[in-house]
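Quick note on UniProt numbering: the sequence shown kicks off at 1 and runs consecutively. For each residue, glycine too, the CB sits at the ideal point set by N, CA and C. Inspection log for the structure reproduced underneath, given as structure tokens.
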Amino acid sequence: MAFESNNYILAATLEAAADLQPSLARIPRLPPLPPATGPALSVSETLGGLHGEPASRDPRAGVLSTGFPISARPLRTPNARATFSSAGTASAVDMRFARLAGLLPRVVPLRPEDRVVLRSTYVGGPLEVYGRVELVFDAQGREYSVGCWVVDLQLPVDVLLGLDWAQKYQVKIDWRGKGGERYTSEIAKKVGLVEDVYIFE
Numbered sequence: 001m002a003f004e005s006n007n008y009i010l011a012a013t014l015e016a017a018a019d020l021q022p023s024l025a026r027i028p029r030l031p032p033l034p035p036a037t038g039p040a041l042s043v044s045e046t047l048g049g050l051h052g053e054p055a056s057r058d059p060r061a062g063v064l065s066t067g068f069p070i071s072a073r074p075l076r077t078p079n080a081r082a083t084f085s086s087a088g089t090a091s092a093v094d095m096r097f098a099r100l101a102g103l104l105p106r107v108v109p110l111r112p113e114d115r116v117v118l119r120s121t122y123v124g125g126p127l128e129v130y131g132r133v134e135l136v137f138d139a140q141g142r143e144y145s146v147g148c149w150v151v152d153l154q155l156p157v158d159v160l161l162g163l164d165w166a167q168k169y170q171v172k173i174d175w176r177g178k179g180g181e182r183y184t185s186e187i188a189k190k191v192g193l194v195e196d197v198y199i200f201e
């Protein structure tokens, strides 16, 4: 009797699942991805680098002491970090962070006819460029928006800011600021401070 009851439940479950198949097929696996438009790109830029950490140093300390915390839209992923390099003419965001931060639908991919060369001062050669995205983020009490190339940064930060960002917002830098370097801009919108969030249990 119990065996027949279990068979009935299994049959009903399979029938319900079959009824769901058409509706499941209509659920998009990916969000709408806009195509690239406009004339072909011809760009040559440089990404700045960072000072390497000694191999004997705790890697956790190296990551936490590199750059400064940011809050990037739209998802405001916690514990994201950025840094600035005066050796770089352009800004870039890491491809993995673009995915985690919900930025992929906004990324404009490169086309075969686009020629974008990003030379790196820390890798020793050009980086592979996946596309470009407008990044809006809060940092140190200000809101910023900057166009970033999407690359594999290979750095312990999520965003690498260059002179394009610093010049756009007339950023003033205090390299001896309390708790690390401080960046201020009189023309950027004031917002709340961003802090790292770590849970100890």
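Between the alpha carbons of K190 and Q140 lies a gap of roughly 9 Å. Going by C-alpha positions, R81 is about 32 Å away from P112. R99 is positioned such that its CB atom lies no closer than 8 Å to that of E134.
Looking at the backbone, the Cα of E45 and that of G147 are separated by about 13 Å. The alpha-carbon of T77 is positioned some 31 Å away from that of D114.
The three-state reading of DSSP puts F84 in strand, counting E and B together. Secondary structure at A98: helix, using DSSP grouped into helix, strand and coil.
P34 sits in coil when the DSSP states are folded into three classes, being neither helix nor strand. Distances from the alpha-carbon of T89 to those of D158, A166 and E181 put A166 closest.
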